[in-house]
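Numbering follows UniProt numbering, in which position 176 of the sequence shown is assigned residue number 176; successive positions increment by one, without gaps.
Reviewing the structure listed below.
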Amino acid sequence: MERLHSIADTYYRALSTEDQKKVLGFISSMDKDGSGFIDIFEFKQYLKEHGYNDYAGSDIFKKLDMVGDNRLGHSEMLNLFYIILSGRPFCMGCEDFIMAEYFVCVECFQKSSAPVYLCLTCYKNRNYKHSHGINENPLFLDTYAMLECKRLSALAENGQASNAPSSSKTAPSSSKTSTSRRIGAIAFKTFETALGLANLQVELVGAGIAAGIGAGSGCTIM
Numbered sequence: 001m002e003r004l005h006s007i008a009d010t011y012y013r014a015l016s017t018e019d020q021k022k023v024l025g026f027i028s029s030m031d032k033d034g035s036g037f038i039d040i041f042e043f044k045q046y047l048k049e050h051g052y053n054d055y056a057g058s059d060i061f062k063k064l065d066m067v068g069d070n071r072l073g074h075s076e077m078l079n080l081f082y083i084i085l086s087g088r089p090f091c092m093g094c095e096d097f098i099m100a101e102y103f104v105c106v107e108c109f110q111k112s113s114a115p116v117y118l119c120l121t122c123y124k125n126r127n128y129k130h131s132h133g134i135n136e137n138p139l140f141l142d143t144y145a146m147l148e149c150k151r152l153s154a155l156a157e158n159g160q161a162s163n164a165p166s167s168s169k170t171a172p173s174s175s176k177t178s179t180s181r182r183i184g185a186i187a188f189k190t191f192e193t194a195l196g197l198a199n200l201q202v203e204l205v206g207a208g209i210a211a212g213i214g215a216g217s218g219c220t221i222m
């Protein structure tokens with residue numbers, strides 16, 4: 001929770017004074033008795049009334065309560081504000097709230113309003129069952145790899161390579177589109193291959209097999 005709090009606090013400090021007041025308004029709206037703190041009853045009541053049922057569990061309240069005094073102060077409520085605003089997910093495997101990095105199904109992420117997320121432990125231990133039709137092993141990417149994949153896709157859509165702007169501004173639109181699609185496909189395939197090799201290496205090492213998979217391959221993702 002400390003790392004998550006650091007992110008939330010950084011966002012808060014970067015806000016304008018007016019926007020900071022809005023955040024404080026969110027916090028004070030929960031404080032029904034005006035005590036300056038949020039107890040478990042105020043916490044659950046507010047979240048359920050405003051449609052945030054997924055976050056209204058006692059386990060999340062305990063994780064937010066960094067001091068351990070069964071109430072949430074200003075800094076702890078900043079964490080909740082950030083969690084709701086950023087849409088922090090729950091793991092499909094253990095159903096626990098994910099506070100750190102996670103893996104997400106790429107196909108779900110692109111096509112579904114409710115993507116499948118996995119915490120690091122459940123993904124590593126294969127503690128999940130998820131498929132798309134005949135594809136019983138859909139690709140999962142971690143948060144950083146997914147962000148980079150989306151970045152490369154955006155560059156591809158703009159007709160740019162991943163490391164430099166396109167120099168051919170006069171190329172026909174059909175050719176530009178075709179090139180963009182190829183760049184996007186290559187970029188995505190690179191991620192898929194790299195993640196596959198990494199997963200295979202983990203499995204082999206776990207089985208006690210010394211393997212130099214990936215050595216000299218030029219993969220810099222993992």
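Glycine included, every Cβ here is placed at the ideal spot set by N, Cα and C.
These figures come from a predicted structure and were not determined experimentally.
Check                                                                                                      : Outcome
Option in D19, K44 and Q20 with minimal Cα separation from D31                                             : K44
Continuous beta strand (DSSP E) stretch holding C105: start and end                                        : Y102 to C105
V23 burial status per 10 Å Cβ neighbour count (16 or more: buried)                                         : buried
Best match in S86, E101, G51 and L15 for proximity to C122 [C-alpha to C-alpha]                            : E101
Y144, buried or exposed, once every other Cβ within 10 Å from all chains shown has been counted against 16 : exposed
Three-state class that DSSP yields for residue 246 in the structure shown                                  : The structure shown does not extend to residue 246, since the chain is modelled only from 1 to 222, so the question has no answer here.
K169 to K150 span [Cα, whole Å]                                                                            : Note that K169 scores a pLDDT of 47, beneath 50, so its modelled location is shaky; the value from the coordinates is reported in the next line. Straight-line Cα distance between these residues: approximately 23 Å.
Assumed close pair L4, N79 - CB separation to whole angstroms, cut-off 8 Å                                 : 6 Å
C-beta contact flag for Q20 and Y12 at 8 Å                                                                 : yes
Any beta strand (DSSP E) of 3 or more consecutive residues that is wholly inside the stretch 45-125        : 102-105 and 117-119
Per-residue burial, R126 [other beta carbons within 10 Å of its own, 16 or more giving buried]             : exposed
Cβ-based burial, V67 [other Cβ within 10 Å; buried from 16]                                                : exposed
Which residues DSSP lists as bridging N135, in chain order                                                 : H132
Opening and closing residue of the beta strand (DSSP E) in which D31 lies                                  : D31 -> no beta strand (DSSP E), and no H or E assigned at all.
Reduced DSSP category for L24 - H, G, I as helix; E, B as strand; rest coil                                : helix
Among D96, P115, S35 and D9, nearest to R71 - alpha-carbon criterion                                       : S35
Extent of the continuous alpha helix (DSSP H) run through L147                                             : T143 to E157
Of the residues L64, M92, D69 and E95, the one placed nearest Y82, counting alpha carbons only             : L64
Selected residue, minimal CA-CA separation from E107, among H130, M1 and G87                               : H130
Among G57, Y128, D69 and M77, nearest to F97 - alpha-carbon criterion                                      : G57
Under 8 Å between C-beta atoms of L141 and V104                                                            : yes
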